[in-house]
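Read the structure below first, then the notes.
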Amino acid sequence: MNYQLLADILFPDVTGTPEELEAKYPERNLPSNAIVTRIGPSPTGFVHLGNLYNALIGERLSHQSGGVFYLRIEDTDQKREVDGAVDMLIRAMDYFQIRFDEGAVADKTQTNGRYAPYYQRQRKEIYQIMAKFLTQQGRAYPCFLTAEEIDQIREQQTANKQDPGIYGKYAVHRNLSIEEIQEKINAGMPWVLRYRGEETDKFICVQDAIRGKLEMPRNRMDFVLLKSDGIPTYHFAHVVDDHFMRSTHVIRGEEWISSLPMHVELFDVLNWKQPVYCHTATLMKIEDGKKRKLSKRKDPELALAYYQQEGICPDAVREFLLTLLNSNFEEWRMANPELDCQEFLYTIQKMSISGALVDLDKLRDISKDVLSRMPAETLYIGWLAWCKEYHPEFAELLIRYHDRSIAALNVGRTAKKPRKDLENWKQACEFMKFYYQETFAIQDEMPEEIDEATRKAVFAEYLKTYDHTDDSSQWFTKVKALTEKLGFAVKPKDYKKNPEQYKGNIVHVTNMLRIALTGRANAPDLWEVSHVLGEEIVRERLTAWI
RNA sequence: GGCCCGUUGGUCAAGCGGUUAAGACUCCGCCCUCUCACGGCGGCAACACCAGUUCGAGUCUGGUACGGGUCACCA
């Protein structure tokens with residue numbers, strides 16, 4: 105068989121050579137330990153936690169090592185492509201502080217980096233050059249099998265209890281003569297380019313950076329390199345791109361492990377250096393006591409958009425993923441509560457292998473912790489940004505009452521052990537609404553044990569002695585005096601012992617004040633809250649009850 | 001079904017032949033306390049199973065079970 109002739113028939117317009125590509129996309133000039141890696145999402149319009157999970161690993165490893173982190177859009181499946189998906193993806197990554205050094209930008213006509221293009225469909229010529237090369241080497245051939253014919257082959261194989269696929273004697277177009285091929289092409293029959301696999305009982309062995317040694321049977325399949333539209337399959341694109349983009353590491357989900365033999369085969373045949381593979385664990389979800397893969401349809405928490413909509417602080421999501429990813433992160437965080445999580449040294453060695461469950465309770469805990477560590481001004485900026493997008497009315501309040509909002513965020517925050525009231529920005533809008541007249545509402549009932557007349561007397565007496573300039577302890581002394589004067593027990597224990605001797609206890613008094621001032625029985629320190637609200641609002645809210 | 005990957009409390013996990021088997025989340029109790037939150041103390045709760053190697057096994061080997069992945073002109 106004249107492979108050179110075959111290659112010219114198949115790729116008449118392809119004139120480039122692998123050598124030219126090597127020259128065009130040279131080795132990167134980086135220190136030997138610098139990691140170059142990427143994420144390669146498909147523009148389907150759905151960005152999920154797994155994308156972020158892998159992105160975070162790549163981003164950390166590359167940036168910690170002084171390497172390069174880039175974005176490649178794997179858009180080889182035109183059918184699944186959704187408009188605006190890339191823009192959405194980049195914005196989502198940016199929201200979670202994943203920044204790319206080079207790679208695709210939302211505008212397809214623009215590029216950022218010397219290994220461009222970063223959209224796979226724009227790299228067609230590169231793949232064609234390599235495909236032609238493999239054809240010349242006798243490692244690839246055109247296959248004219250239709251989907252129906254392949255189905256038939258599979259049925260036959262299943263009936264015979266043989267492995268399904270195109271290989272060995274089932275690769276019926278493998279040894280077509282040049283004339284037969286020419287004839288079919290002239291007849292306009294569509295074809296795919298298949299790799300010419302070999303019957304073998306050998307094994308391959310790959311040192312996975314996360315999992316250690318991976319052993320599996322060597323590839324024997326005539327898998328597809330180029331689809332009938334001349335666009336490569338994932339397998340071919342991965343090998344070609346990660347070689348010419350000079351990735352040192354390939355970080356991807358464990359679902360790729362089973363196609364590793366194909367990739368290893370291609371790197372071998374092309375005589376290219378294999379990148380370091382890092383196969384990450386799949387994120388799981390528990391349902392009815394069983395673990396299962398997170399599903400796009402059933403689990404909203406899989407979509408990154410969920411975290412944005414809920415207003416979960418991006419740092420919290422990052423820290424949450426970090427605790428899943430690196431078992432020593434939590435320890436580090438406890439030892440270094442004040443450091444930015446970017447300062448944590450991320451290591452592949454500490455990565456877990458088995459699939460982690462996404463535990464929203466844990467996320468909430470981390471989130472409260474992260475928010476409690478932030479200064480009020482920083483919180484304000486993040487919260488306002490979120491409100492502008494998801495809760496515009498609240499954003500207006502935050503702007504109109506800027507100083508009061510900052511003061512409100514500072515309640516209980518400046519202490520050595522800050523309060524952890526805030527979980528996320530959506531919840532913050534609910535929690536903080538009593539600070540604004542526009543959103544203030546009475547949510548809890550006044551205590552039933554206290555009759556209305558007594559309640560009014562409490563408020564009247566409180567207002568009579570209230571001095572906005574009192575400090576916290578002066579204020580509380582007055583509250584205690586009022587409590588005693590109106591026949592309430594200052595110590596809850598006294599009341600518990602002899603309830604008939606009192607109208608109630610100090611908890612009743614402060615609860616009524618708290619409900620009147622904040623609308624709720626549970627709220628932060630009343631003196632502090634009062635000073636955020638200001639004297640006018642304090643008096644107004646209490647007077648309303650008299 | 002073939003091939004792969006995995007399996008320590010409900011969850012995330014430490015552990016690298018000898019431990020009372022860490023820690024975090026959740027839940028429960030107590031303390032602190034004007035409520036709540038925070039914080040402190042304490043509690044419930046685990047090495048999937050069976051063989052083997054060994055003086056000794058969560059840790060090594062084999063098998064079984066269970067879970068997951070993959071077997072496309074999808075990535």
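In terms of the numbering used here, the first sequence has 334 at position 230, counting the first letter as 1, and numbering is strictly consecutive. Note that beta-carbon positions come from the ideal geometry of N, C-alpha and C, so glycine has one too. Keep in mind that this is a model prediction, so the values were computed, not measured.
Between glycine 149 and the rest of its own chain, which residues show a CB-CB distance below 6 Å, the 5 nearest in sequence each way excluded? Val186 and Ala189
Give me the Cα-Cα distance between glutamine 311 and tyrosine 381, rounded to the nearest whole angstrom. 8 Å
Can you tell me which of the three DSSP states asparagine 432 falls into? coil
Compare the Cα-Cα distances from aspartate 211 to each of Asn155, Asp444, Gln226 and Lys584 and report the closest residue. Gln226
Proximal residues to glutamate 319 (C-beta, below 6 Å), its chain only, five neighbours per side dropped: Phe307 and Cys309
I'd like to check one pair, asparagine 216 with threonine 384: are the Cβ atoms closer than 9 Å? no
Any contact between the stretch 424-433 and the stretch 444-463? By contact I mean 3 or more CB pairs, one from each, below 8 Å. yes
If you follow the alpha helix (DSSP H) that valine 343 is in, where does it begin and where does it stop? 338-348
Inspect the CB distances between the stretch 480-490 and the stretch 505-524 and report whether three or more fall short of 8 Å. yes
Opposite valine 380 in the DSSP bridges: which residues? His353
Residue span of the beta strand (DSSP E) that contains threonine 141, given as start and end: 140-143
Does the ligand GDP have even one heavy atom less than 8 Å from the beta-carbon of arginine 195? Of the ligands one can find in the structure shown there are none, so the ligand GDP has no counterpart to examine.
Among Arg176, Leu193, His367 and Lys236, the one whose alpha carbon lies nearest that of alanine 208: Arg176
I'd like the list of long-range same chain contacts for leucine 334, defined as Cβ closer than 7 Å, with 5 residues on each side in sequence excluded. The question names leucine, but residue 334 in the sequence shown is glycine. Once the five neighbours on either side are set aside, the close Cβ partners of glycine 334 are Lys228 and Gln232.
As assigned by DSSP and simplified to three states, the class of glycine 170: coil
Comparing C-alpha positions only, which one of Lys560, Glu553 and Glu565 sits nearest to glutamate 604? Glu553
Three-state secondary structure (DSSP) of lysine 128: helix
Would you mind reading off the limits of the alpha helix (DSSP H) that contains tyrosine 450? Per DSSP, tyrosine 450 belongs to no alpha helix (DSSP H) and is neither H nor E.
Valine 651 and valine 562: beta carbons closer than 9 Å? A question about residue 651 goes unanswered here, because the residues of the chain that appear run from 105 up to 650.
Please say whether alanine 138 and valine 172 have beta carbons closer to each other than 9 Å? yes
Is the distance from the Cβ of tyrosine 338 to the Cβ of serine 362 below 9 Å? no
Between which two residues does the beta strand (DSSP E) holding lysine 317 run? 316-321
Outcome for asparagine 264 when other beta-carbon atoms lying within 10 angstroms are tallied against a minimum of 16: exposed
Considering only the beta carbon of each residue, do isoleucine 202 and proline 246 sit closer than 9 Å? no
Cα-Cα separation between aspartate 326 and aspartate 179, rounded to whole angstroms: 23 Å
Quick check: aspartate 181 and serine 146, are their CB atoms within less than 9 Å of each other? yes
Helix, strand or coil: which one does DSSP assign to leucine 478? Just to set this straight, residue 478 is methionine in the shown sequence, not leucine. Correct three-state label for methionine 478: coil.
Between valine 654 and glutamine 240, is the Cβ-Cβ spacing less than 9 Å? Since the displayed the chain opens at 105 and closes at 650, residue 654 lies outside it and no answer follows.
Quick check: the Cα distance between valine 636 and alanine 511, rounded to an integer number of angstroms? 6 Å
Quick one: what's isoleucine 246 bridged to in DSSP? Looking at the sequence shown, residue 246 is not isoleucine but proline. Answer is Leu297, bridged to proline 246.
Rounded C-beta distance between arginine 624 and glutamine 547? I'm assuming under 8 Å. 5 Å
Taking the Cβ atom as the reference point for each residue, do leucine 590 and leucine 646 lie within a distance shorter than 9 Å? no
From valine 633 to arginine 218, what does the alpha carbon distance come to, in whole angstroms? 56 Å
Using only CA atoms, which one of Met550, Ala244 and Leu165 lies nearest to leucine 370? Ala244
State buried or exposed for alanine 593, treating a residue as buried only when at least 16 other CB atoms are found within 10 Å of its CB. buried
Collapsed DSSP secondary structure at cysteine 309 in the structure displayed: strand
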